[in-house]
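Asks:
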Amino acid sequence: MDTTKEKIILSPAQSAALFDLLSHHNVYSEIRDFRIPGSLKYYGPPFQVEKDKPSTSPALQGLVSKFLLNLPGLKDVPEEFWKVQLYDIIEGLEEANLSESYDKGVVGTRKTVATAISALIEYPVRGTSGGFSKVQDPDQKYDLCKAEDLSKAFRNLMDASIYGTALDDLIAKTAQTDNLAHHEPLIQAAHEFVLVNIASFMHYALILSPKGQYLLKLVGNVNRLVPYLVIRQTLKIGNVATMISAMMKVVLAKMSVSTITNWIGLTSGEDQGMNLMQQIISTVLHWDNRELESRASKIESDKTNSLSKDQLRCLKDYANKSREEQEEIRRSSQQNSISIVISILASSSLPTDISEPTHALALEYLNAQLSIRDRKQLIQSLCHSSPDHVTTTIRVAVSAYEPVIRNVHNAVDLSDTVSDFESFLADMLKISRIQDETAVPTVGDFVTLLKKHQYSCHKFLHQVCKNGKELTGWYLDWAKQAAAHFRRQTDHSDAKVRDAGDLTEPLNDLFSKLSAEQQSRIFPILDQQIKYIDEMHTSSHRRLEAVLSSPPSKNPTIAKIIASSGNSRASSRSSSPAPSERGTQNPKISSTGPSSDPGPGAYLSRWQDLLDNTPITPLSASGKVEKASGKNVVKGSTKDVDGETLIEAPKGKTGAEKVRERVSGEGSVSGKPDVRYVVEAMGKDFRALLAARGVYW
1 MDTTKEKIIL
11 SPAQSAALFD
21 LLSHHNVYSE
31 IRDFRIPGSL
41 KYYGPPFQVE
51 KDKPSTSPAL
61 QGLVSKFLLN
71 LPGLKDVPEE
81 FWKVQLYDII
91 EGLEEANLSE
101 SYDKGVVGTR
111 KTVATAISAL
121 IEYPVRGTSG
131 GFSKVQDPDQ
141 KYDLCKAEDL
151 SKAFRNLMDA
161 SIYGTALDDL
171 IAKTAQTDNL
181 AHHEPLIQAA
191 HEFVLVNIAS
201 FMHYALILSP
211 KGQYLLKLVG
221 NVNRLVPYLV
231 IRQTLKIGNV
241 ATMISAMMKV
251 VLAKMSVSTI
261 TNWIGLTSGE
271 DQGMNLMQQI
281 ISTVLHWDNR
291 ELESRASKIE
301 SDKTNSLSKD
311 QLRCLKDYAN
321 KSREEQEEIR
331 RSSQQNSISI
341 VISILASSSL
351 PTDISEPTHA
361 LALEYLNAQL
371 SIRDRKQLIQ
381 SLCHSSPDHV
391 TTTIRVAVSA
401 YEPVIRNVHN
411 AVDLSDTVSD
421 FESFLADMLK
431 ISRIQDETAV
441 PTVGDFVTLL
451 KKHQYSCHKF
461 LHQVCKNGKE
471 LTGWYLDWAK
481 QAAAHFRRQT
491 DHSDAKVRDA
501 GDLTEPLNDL
511 FSKLSAEQQS
521 RIFPILDQQI
531 KYIDEMHTSS
541 HRRLEAVLSS
551 PPSKNPTIAK
561 IIASSGNSRA
571 SSRSSSPAPS
581 ERGTQNPKIS
591 STGPSSDPGP
601 GAYLSRWQDL
611 LDNTPITPLS
621 ASGKVEKASG
631 KNVVKGSTKD
641 VDGETLIEAP
651 KGKTGAEKVR
661 ERVSGEGSVS
671 GKPDVRYVVE
681 AMGKDFRALL
691 AARGVYW
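The sequence shown: position 144 = 144 (the UniProt record's numbering), numbered continuously.
Quick look at the structure:
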């Protein structure tokens, strides 16, 4: 009897869909692994290396090896930079056992940032693993007002950079002019495509994301503490060695910063021996903790609060429990369909029969205590660790980058560059701050903001290419090496055929090892994924068309900022500390206004997918595990550290729901398929495949 199993072959489109969903989940899984101490033990270069032993984080390690370890300047740092300084910093953050969004009942800031990073870097992971197919497109005519032409230009530029001489041509032209209009139509159209997508990402992160306004506040707080005037004056020093020495004193000084902030009233107390960056981190996080502690104290002293002192102490102590104890309590919450608050109280044999208002107060108190501990741990790990690896890392990096700094200093007016950046940041902070429902920034506003300041970037690049030939040569060589990683090794590379590229055959081999039952269950999921990807890109294209045809902002506040001179300089320092500043409270995004519309970019859908699948504790004493996409979770996630709502979601559908509809395709017939079965069946083997292909040590 012949027991030979006939090999089932996936169609090219099914292979592409399988590659897409496996890489999407694997990249975020690798990022999530950094929560657990020991993640770097078998990471591979540049950290711990065991000969012929594959990396446990192959996707991330591959990007580091291909694009960072050979970067000019960074390639010259000693081994200790990676294996001692950075290794210990990362280990310290892992051992800090920072809180989970599940326990807080809201989507945290770290979750928002981590999912955004994952959604972006999965693209180069797929590009370097499967390769970029050659584009056969002789038509070089581009209309900057047509979405189809901009998308085509970006793909053609990628093709010319990977398989042609576009990088050499671009550098040569940039050395000749700082005027974008003097470049080839291909460059102009691709530039427009990239600019609109950057604006879309900024709008999504700062306006549509529940944590957007809090992230904006953090950026603003940091910006207020940066001594731009001192930095600009230091960069004007003509002698490079003297300039570097002076900047090191500014950045690494451990006395003057606290003295200054104490003097102007931003902080109080003795100097804690922190450099400038550490002082900024510590100050900003202390501002948050001041609000959080006040919020927790109000709950403790609230006369209507029926929580006993023992119950409050139990919730407070949970923040300091070990990782294992917290995971056990979290597991009990999920298995028994009870909230994390009830699970914590039950673990200490305390009364769990509390009313829903009391439960909501207890969850808010737990959130505050976890947030306080997180910030204290970050301050301890980054600012008060011994030995001070952060300061050592800066010294080592500056030493390695001295040739780069020397060339840039000779080629560009760095003081002017810092002024340009300060001006851009000031305008961004003003535009992004939501005041009321009539003054909500659109993607078009961010496009206009970037266009207002784009000349600063063009001028910098022109000066570097014109005056820093040696430096330009270093980075051009690096860029060519980076582009080469996207070349396909397989013979068939027709752009019209969508497949998994170089991973098409390996993925088919993995699929053929599954049982017939597993294969039959996966086939329809892949077909749904194909439709979902098509709809996702079609929707992104429609949103690009909408942005290109959108009229200028009619809001006078935003219009005034955009219309102001691009060379205007913001003041180098604010006269008042950040926590006291707040715009109109509880601004509401209009459910029908343009503010609810996201910009182009399929990565927005991937980002929202990762956020949506974040498990959150039941918000009532008992119930099923919530998802981050839930209306009440989104509402709670918009709150500031003091408990005030930074932005109020519209009635009806939440902002996340409206974003999800537009990002994934309005009128979608297939919707986002549930791919958990595929990930469970093939996820580990897919990571092992990437790891085996990535070993070069």
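Glycine included, C-beta positions come from ideal geometry on N, C-alpha and C.
1) Using a Cβ-Cβ cut-off of 6 Å (strictly less than) and excluding sequence neighbours within five positions of glycine 593, which residues of its own chain qualify?
2) Using the rule of at least 16 other Cβ atoms within 10 Å of the residue's Cβ for burial, across every protein chain shown, is glycine 671 buried or exposed?
3) Per DSSP, what are the beta-bridge partners of arginine 487 in this structure?
4) Pick helix, strand or coil for proline 387, following the three-state DSSP scheme.
5) Under a three-way DSSP split, which group does isoleucine 616 fall into?
6) Please classify glutamine 369: is it buried, with 16 or more other beta-carbons within 10 angstroms of its beta-carbon, or exposed?
7) When the Cα of proline 72 is compared with those of Ser399, Lys627, Val135 and Lys635, which residue comes out closest?
8) Bridge partners for threonine 645 per DSSP, in chain order?
9) Tell me the start and end of each unbroken alpha helix (DSSP H) in the region 494–540 that is at least 4 residues and wholly inside, in chain order.
10) Mapping DSSP to helix, strand and coil, what is glutamate 626?
11) Within 10 Å of its beta-carbon, does tyrosine 696 have 16 or more other beta-carbons around it, so buried, or fewer, so exposed?
12) Taking the alpha carbon of lysine 298 as the point to measure from, which residue in Ser343, Gly92 and Tyr365 has its own alpha carbon closest?
13) Could you tell me which residues DSSP pairs with isoleucine 338 in its beta bridges?
14) Locate the alpha helix (DSSP H) running through glutamate 293, then write down its first and last residues.
15) Helix, strand or coil for lysine 7 per DSSP?
16) Going residue by residue through the UniProt domain "PX" (364–486), where are the continuous alpha helix (DSSP H) segments of at least 4 residues, counting only ones entirely within it?
17) Under the three-state reduction of DSSP, which class applies to proline 587: helix, strand or coil?
18) Start and end of the alpha helix (DSSP H) containing glycine 188?
19) With distances taken from CA atoms, which of Thr56, Asn97 and Phe47 is nearest glutamate 79?
20) How big is the Cα-Cα spacing for serine 308 and proline 357?
21) Am I right that proline 185 and glutamine 140 are in contact with their C-beta atoms under 8 Å? What's the rounded C-beta distance?
22) In terms of residues, what are the limits of the alpha helix (DSSP H) holding lysine 173?
23) Taking only the alpha-carbon atoms, compute the straight-line gap between asparagine 26 and glycine 683 and give it to the nearest angstrom.
24) By alpha-carbon positions, which one of Asp413, Ala13 and Pro58 ends up nearest to serine 29?
25) Mind checking whether asparagine 305 and threonine 391 have CB atoms under 9 Å apart?
26) If you measure between the beta carbons of serine 282 and cysteine 383, is that distance less than 9 Å?
27) Given 8 Å as the limit, tell me if tyrosine 42 has its C-beta closer than that to any heavy atom belonging to the ligand ATP.
28) Along the chain, where does the alpha helix (DSSP H) containing lysine 309 start, and where does it finish?
29) Could you tell me if glycine 468 is buried or exposed, where buried requires 16 or more neighbouring beta carbons within 10 angstroms of its beta carbon?
30) Considering only the beta carbon of each residue, do leucine 514 and alanine 692 sit closer than 9 Å?
31) For isoleucine 533, I'd like the list of residues in its chain whose CB is within less than 7 Å of its CB, leaving aside the five on either flank, ordered along the chain.
32) Comparing alpha-carbon positions, which option in Asn223, Gly501 and Met248 lies nearest arginine 235?
33) Which same chain residues, not among the five before or five after lysine 430, have their C-beta less than 6 Å away from its C-beta?
34) Would you kindly check if the distance between the Cβ of tyrosine 102 and the Cβ of proline 673 is under 9 Å?
Replies: Once the coordinates are examined:
1) Residue placement at glycine 593 cannot be trusted, given a pLDDT of 42 that sits under 50; what the coordinates show is reported in the next sentence. Counting only Cβ-Cβ distances below 6 Å, and skipping sequence neighbours, we find nothing.
2) exposed
3) Phe132
4) coil
5) strand
6) buried
7) Ser399
8) Lys639
9) 504–512
10) strand
11) exposed
12) Tyr365
13) Ser622
14) 276–301
15) coil
16) 389–400, 402–411, 414–432, 443–467 and 469–484
17) With a pLDDT of only 48 at proline 587, under 50, the local geometry of the prediction cannot be trusted, and no value is derived from it.
18) The question names glycine, but residue 188 in the sequence shown is glutamine. Taken as a continuous stretch (DSSP letters only), the alpha helix (DSSP H) holding glutamine 188 covers 185–203.
19) Phe47
20) 15 Å
21) 7 Å
22) 166–176
23) 7 Å
24) Pro58
25) no
26) yes
27) With respect to the ligand ATP, the structure shown offers nothing to examine, as it has no ligands at all.
28) 309–318
29) buried
30) no
31) Ala17 and Asp20
32) The sequence given here has leucine at residue 235, not arginine. The shortest Cα separation from leucine 235 among Asn223, Gly501 and Met248 belongs to Met248.
33) Ile561
34) no
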